[in-house]
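Colleague: Dropping the structure in here first, questions after.
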Amino acid sequence: MTARRARRASQGRGSGLSRRQFLTRGGAAIGGVALGSAVLGSTSAFASIGGQSGGETGGKLSVLNWPLYIDKKSKGLFEDETGVDLKYSESLNDNNEFFAKYQRQFSQDEYPGFDIAVPTSWMAKRLIDLGYVQKLPLDAIPNAANLAPGFQGAPWDPTGEYTLPWQTGMTGIAYNLDVTGRELTSFSDLYDKKFKNKVGMLLEMRDTVGLACQAEGIDTATVTYKQAQPALDRLQKAVDAGQVRRFTGNDYQDDLVDGNFAACVGWSGDVAQLLIDNDALRFVIPEEGGMRWADTMVWVSTAKRQAQVAAWMDYFYDQANAARVAAYVQYISPVDGIADDLTAIDPALSSSPLIFPPEDVQARLKVFNQELSKKDEEKFDARFAEITGS
Amino acid sequence: MAGARDTGARRARFAPYGLLSPGVLWLVLFFLVPVLTLARASLSDRPNRFLPSELDFSWNFSNFGDALSQYSEQFIRSFVYAGIATALCIAIGYPLAYVIAFRGGRYKNLLLGLVVIPFFTTYLIRTIAWKTILGDEGEVVSVLRSLGILGATQGLLATPGAVIGGLTYNFLPFMVLPIYVSLEKIDRNLVAAAQDLYSTPARAFWKVVLPLSLPGVFAGSLLTFIPASGDFINAQFLGSPKTAMIGNVVQNQFLVQLDYPTAAALSITLMVIITFFVLLYAKFLGTEELTG
Chain A
0 MTARRARRAS QGRGSGLSRR QFLTRGGAAI GGVALGSAVL GSTSAFASIG GQSGGETGGK
60 LSVLNWPLYI DKKSKGLFED ETGVDLKYSE SLNDNNEFFA KYQRQFSQDE YPGFDIAVPT
120 SWMAKRLIDL GYVQKLPLDA IPNAANLAPG FQGAPWDPTG EYTLPWQTGM TGIAYNLDVT
180 GRELTSFSDL YDKKFKNKVG MLLEMRDTVG LACQAEGIDT ATVTYKQAQP ALDRLQKAVD
240 AGQVRRFTGN DYQDDLVDGN FAACVGWSGD VAQLLIDNDA LRFVIPEEGG MRWADTMVWV
300 STAKRQAQVA AWMDYFYDQA NAARVAAYVQ YISPVDGIAD DLTAIDPALS SSPLIFPPED
360 VQARLKVFNQ ELSKKDEEKF DARFAEITGS
Chain B
0 MAGARDTGAR RARFAPYGLL SPGVLWLVLF FLVPVLTLAR ASLSDRPNRF LPSELDFSWN
60 FSNFGDALSQ YSEQFIRSFV YAGIATALCI AIGYPLAYVI AFRGGRYKNL LLGLVVIPFF
120 TTYLIRTIAW KTILGDEGEV VSVLRSLGIL GATQGLLATP GAVIGGLTYN FLPFMVLPIY
180 VSLEKIDRNL VAAAQDLYST PARAFWKVVL PLSLPGVFAG SLLTFIPASG DFINAQFLGS
240 PKTAMIGNVV QNQFLVQLDY PTAAALSITL MVIITFFVLL YAKFLGTEEL TG
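As given, the protein sequences belong to chains A and B, one line each in that order. FYI, numbering that gives the first Met the number 0 numbers position 273 of the first sequence as 272, with every residue one higher than the one before it. FYI, numbering that gives the first Met the number 0 numbers position 210 of the second sequence as 209, with every residue one higher than the one before it.
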């Protein structure tokens, strides 16, 4: 989803990145990828030389992930433990932009400069369908057995051969109590005329349209373009009436904190982090239902480095390592049984409803139709573009 | 001997072309070829959405019709916003350039530097900074609200005014600098002569300074209007869905919809309309009649 992990900070107050720093780093990261690919392109032979056991894998690995989606320490520890020389880029900012940027290289069987990328599940499915990613070396990833049961046989990858989730999370409503003056419970609250020109929505179509559909009682898990019409019409009407101030990527956080938004569609981990600095912020899964998503690791078809790819995935499916990342990003880890490790890091984390959503919240979470037809997806995208004004 | 003279003459005859060739080559490679590629894409079909660069050329003129009918609102908005921003740039930039050129004295370079210095920061950061300054809970809005200029729930951001303001701010130096150059070149004796002939200062300005500075205004207007029409940053950060400009549409069509034909048709249309405006403008404020 669109750079949802901007401004995450592991150790609380004061260490959050400002948007400006974030942008600067984003730029640096893009440079990093380009350089990385040039350097790494010629050394992929390492992959077949590297051993399997810890510390001896060696070689190089290039990972493309979303901004601020891993703690600094984990990268160093991974390198120390496996001996892999890691190039880690944070320039994945938007699924659609990612696809637009690398599609040509993928389609021409060129190495895009990274071995592992972490697109959201629906984009991962597209990459699988197009043959742009290859089956994971699961034999060399014993910790893959720690994948939480809820993600086994996931609709985007029914056999589980192509993807392993990196983080998962919830899409709901974030609001600033200072501006709303009341608690919100429903997506329909975003249509409240009192919040005219103070409502934000996400450019990630599946999140915004997903919530809007659920508000109309439409089941998003099987939704078709035709079924979604009432929700799309209502969104369009709200935009025409000046209800929606902006459609954003990760920058919704600034608008929310600054009070430009009274309420907006937002991602759970972001709000968990923002809460540390601002106790007027709230995150709620609307009573009609919220969205659940997963960002998944895939192995690019043209990439080699099998041993390193396996080492990376195995390392982060180890519970202690997964807990360290989860404590930093505050999303829902797809790795089962990390509660004890999280408690050891910070006792408060294991009771956080954003990391461990209670049963009744989980029951309200839906995914967006994972088997959406190509035609319908195109119609959704075109209509949503129209709603966003472009 | 005759042969040698021949080669010399030939060399002389071909020398201008030789000197031109790097420029021509540049234009062909980096202007003509891309524009033709764009034109070709704009007349193509897109058989597979996920393979956007595999286009079937088919003289599909309906791409233009579809794009224009669907996005006429954003087109009109872009030209209106860019037009207002250009006019504001002239209104703000001309007096500024005038003061620097005629009254700047030894501070001229310093003053020019001050005009340009904010633009050492990148475009994106400057625009986002305005978001902070004009925020609904920010100082500016709270002052305007307490003065009763804005209503209690009104703000500045996410309005057409904010987008036009952002465009004006971001393109101001491109107006100031050309106007300054044309004012600077004016022979001060001409102004003195006008006043010797009993012109009031206002009349001398109107009859002498202004006409001589029009080439600068013309150049500045082009440098402002053209990029402002295609801009999408200001609308994205300072605007709302209802202030989206054609640049936002092109960006979305290229990078999200992967609809290269539509995006190309929009780009070509934008180029044609801008060219039309520029020619129209040149007719009224053209440099020929000023220098002739």
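Glycine included, every Cβ here is placed at the ideal spot set by N, Cα and C. Bear in mind that the values here come from a model prediction, so they are computed numbers and not experimental data.
Between the segment 253 to 261 of chain A and the segment 87 to 96 of chain A, are three or more C-beta pairs nearer than 8 Å?
Modeller: No contact exists between the segment 253 to 261 of chain A and the segment 87 to 96 of chain A.
Colleague: Start and end of the alpha helix (DSSP H) containing D195/B?
Modeller: Here the alpha helix (DSSP H) through D195/B covers R187 to D195.
Colleague: Which two residues bound the contiguous beta strand (DSSP E) that contains F246/A?
Modeller: Segment V243 to T247, the beta strand (DSSP E) holding F246/A.
Colleague: Could I get the ranges of all uninterrupted alpha helix (DSSP H) runs contained in the segment 203 to 237 of chain A, with 4 residues as the minimum, in chain order?
Modeller: Complete alpha helix (DSSP H) runs here, min 4: 204 to 214.
Colleague: Would you say the segment 300 to 316 of chain A touches the segment 224 to 239 of chain A, given that touching needs at least three Cβ pairs under 8 Å?
Modeller: No, the segment 300 to 316 of chain A is not in contact with the segment 224 to 239 of chain A.
Colleague: Could you check whether the Cβ of V264/A sits closer than 8 Å to any heavy atom belonging to the ligand MN?
Modeller: In the structure shown, the ligand MN is absent, as is every other ligand, since no ligand is present at all.
Colleague: Classify I225/B as helix, strand or coil using the three-state DSSP reduction.
Modeller: Three-state DSSP puts I225/B in a helix.
Colleague: So with Cβ pairs under 9 Å, would you call A161/B a contact of chain A?
Modeller: Not one chain A Cβ lies under 9 Å of A161/B.
Colleague: Would you mind reading off the limits of the beta strand (DSSP E) that contains Q166/A?
Modeller: Element bounds for Q166/A: L163 to N175.
Colleague: 9 Å is my cut-off, CB to CB: does I157/B come that close to chain A?
Modeller: According to the sequence as given, residue 157/B is Ala; it is not Ile. For A157/B, the answer is yes, since a Cβ of chain A falls inside 9 Å of its Cβ.
Colleague: Could you compute how far the alpha carbon of L35/B sits from the alpha carbon of S41/B?
Modeller: C-alpha separation (whole angstroms): 10 Å.
Colleague: Taking DSSP's pairing of strands, which residues face L391/A in a bridge?
Modeller: Because chain A here runs from 0 to 389, residue 391/A falls outside it and cannot be looked at.
Colleague: Can you pull the chain A residues whose beta carbon is under 8 Å from the beta carbon of E183/B, in chain order?
Modeller: Those do not exist, as E183/B stays about 36 Å from chain A at its closest Cβ, beyond 8 Å.
Colleague: Drop a sphere of 10 angstroms on the beta-carbon of G40/A, count the other beta-carbons inside from all chains shown, and report buried for 16 or more, exposed for fewer.
Modeller: In this predicted model, G40/A has a pLDDT of only 37, less than 50, meaning its place in the structure is not dependable; the value taken from the coordinates is given anyway. Classification of G40/A: exposed, given that the 10 Å Cβ count is below 16.
Colleague: Could you tell me which of D335/A, N196/A and D84/A sits nearest to P148/A, measuring between CA atoms?
Modeller: If we check each option's Cα against that of P148/A, D335/A comes out closest.
Colleague: What residues in the segment 301 to 324 of chain A have a beta carbon less than 7 Å from any beta carbon of chain B?
Modeller: The segment 301 to 324 of chain A vs chain B, Cβ under 7 Å: nothing.
Colleague: Run through chain A and tell me which residues come within less than 7 Å of S52/B, C-beta to C-beta.
Modeller: Per Cβ cutoff of 7 Å: R103.
Colleague: Going by DSSP, which residues form a beta bridge with K86/A?
Modeller: Answer is S61/A.
Colleague: Using a Cβ cut-off of 9 Å (strictly closer), state whether S61/B contacts chain A.
Modeller: For S61/B, the answer is no, since every Cβ of chain A falls outside 9 Å of its Cβ.
Colleague: Can you look up R291/A in the DSSP assignment and give me helix, strand or coil?
Modeller: If DSSP states are grouped into helix, strand and coil, R291/A belongs with the strands.
Colleague: Tell me which residues of the segment 242 to 268 of chain A have at least one Cβ-Cβ distance to chain B shorter than 7 Å, keeping chain order.
Modeller: Listed by position along the chain: V243, R244, R245, F246, D257, G258 and N259.
Colleague: If A66/B sits next to L265/B, beta carbons under 8 Å apart, how far is it from one beta carbon to the other, in whole angstroms?
Modeller: At roughly 5 Å, the Cβ-Cβ gap stays under 8 Å, so A66/B and L265/B are in contact.
Colleague: Closer than 6 Å by C-beta to A193/B: which residues in its own chain qualify, once you throw out the five before and the five after it? Chain order, please.
Modeller: Only A203 and V207 meet the Cβ criterion.
Colleague: Shorter than 9 Å from the beta carbon of F49/B to some beta carbon of chain A?
Modeller: It does; some Cβ of chain A falls within 9 Å.
Colleague: Within the continuous beta strand (DSSP E) that includes V264/A, where are the two ends?
Modeller: Note, V264/A: beta strand (DSSP E), A262 to W266.
Colleague: Would a check of beta-carbon distances place S239/B closer than 9 Å to chain A?
Modeller: By this cut-off, S239/B is an interface position.
Colleague: Of all the options Y161/A, G152/A and S120/A, which has the alpha carbon lying nearest to the alpha carbon of L135/A?
Modeller: Of the candidates Y161/A, G152/A and S120/A, the one whose C-alpha sits nearest the C-alpha of L135/A is Y161/A.
Colleague: Based on DSSP bridge pairs, tell me the residues matched to Q459/A.
Modeller: The question about residue 459/A has no answer, for chain A in this structure spans 0 to 389.
Colleague: If we ignore side chains and look at the alpha-carbon of each, how far apart do F224/B and Y70/B end up?
Modeller: Near 20 Å, if we compare the C-alpha coordinates of Y70/B and F224/B.
Colleague: For N277/A, count the other beta carbons within 10 Å of its own beta carbon; 16 or more makes it buried, fewer makes it exposed. Which is it?
Modeller: Exposed, since its Cβ has fewer than 16 Cβ neighbours within 10 Å.
Colleague: Out of curiosity, what's the CA-to-CA distance linking D108/A and V132/A?
Modeller: Straight-line Cα distance between these residues: approximately 11 Å.
Colleague: Can you give me the Cβ contacts of F56/B inside the same chain, cut-off strictly under 7 Å, excluding the 5 residues immediately before and after it?
Modeller: Cβ within range, chain order: R39, L42 and S43.
Colleague: Once the 5 residues before and after L183/A are set aside, which same chain residues still bring their CB inside 7 Å of it?
Modeller: Once the five neighbours on either side are set aside, the close Cβ partners of L183/A are I172, Y174, A262 and V283.
Colleague: Alpha carbon to alpha carbon, how far is S181/B from G165/B?
Modeller: Roughly 26 Å separates the two Cα atoms.
Colleague: Within the continuous beta strand (DSSP E) that includes L201/A, where are the two ends?
Modeller: Per DSSP, L201/A belongs to the beta strand (DSSP E) from V198 to L201.
Colleague: In chain B, what lies closer than 7 Å to L129/A by C-beta?
Modeller: Going along chain B in sequence order, the residues near L129/A (Cβ under 7 Å) are F49.
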